[in-house]
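Residue numbers (this note's numbering): 1 to 209.
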């Protein structure tokens, strides 16, 4: 009888242990599932952040459509320095400006294409979307620059490019304030930083003339 009771107790203990193991496994499975879900939680914001980053507004379009002709004119002005500059420093600066702004033109054009917006034509000058681009040179000023050479070119180039850069910085600050497309706002920040530094450099070069 005693042995029979011991067998019953042992069987009950085994059953209880088995039940506990099942419950623990279920609990553990729940935890895994929960941690798996929380493990995916960070990816949800980034997935939703991606479309948000891709959203653009009218200010972004205006920035891209305005900066393209603005940059094109700067590249045209910089291209003149190769054969007209009297100073190696001015020629080097012009080459740097061209090197920096050419790729930005391509990037800006790519954004407009992807947004289904018009990319300014090559011959579009200082006016786009109904307003004049800040700091753009007039045809007369461009003609004056083309005719100059040596020290006269250096002075005219530096004075005009300072004005041109100031206009670009103004446009970039507007994009920083009003735009919503993160890459465009980042480019605007780069323009403010790099062109402000170049304005300082050009003022110093003018002081040497």
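Beta carbons are placed, not taken as given, at the ideal position from N, Cα and C, and that holds for glycine.
For residue j and residue i, the rounded distance between their alpha carbons
i	j	result
residue 81	residue 90	7 Å
residue 182	residue 150	42 Å
residue 99	residue 65	20 Å
residue 106	residue 112	10 Å
residue 177	residue 170	11 Å
residue 78	residue 137	13 Å
residue 115	residue 63	13 Å
residue 155	residue 67	25 Å
residue 60	residue 117	11 Å
residue 85	residue 198	17 Å
Residues bridged to residue i [DSSP beta-bridge criterion]
i	result
residue 85	150
For residue i, the nearest candidate out of the options (CA to CA)
i	options	result
residue 70	207, 160, 180, 205	160
residue 186	121, 104, 95	104
residue 148	83, 55, 56	83
Spatial neighbours of residue i in its chain, beta-carbon cut-off 7 Å, leaving aside the 5 residues before and after
i	result
residue 195	165, 168, 169
residue 141	160
residue 134	167, 170, 171
Cβ neighbours of residue i in the same chain (closer than 6 Å, five flanking residues each side left out)
i	result
residue 200	none
residue 101	71, 74, 75
residue 203	none
(request) May I have a chain-ordered list of the beta strand (DSSP E) segments no shorter than 3 residues that lie completely inside the region 145-201? (result) Taken in chain order, the region 145-201 contains no complete beta strand (DSSP E) segment of 3 residues or longer.
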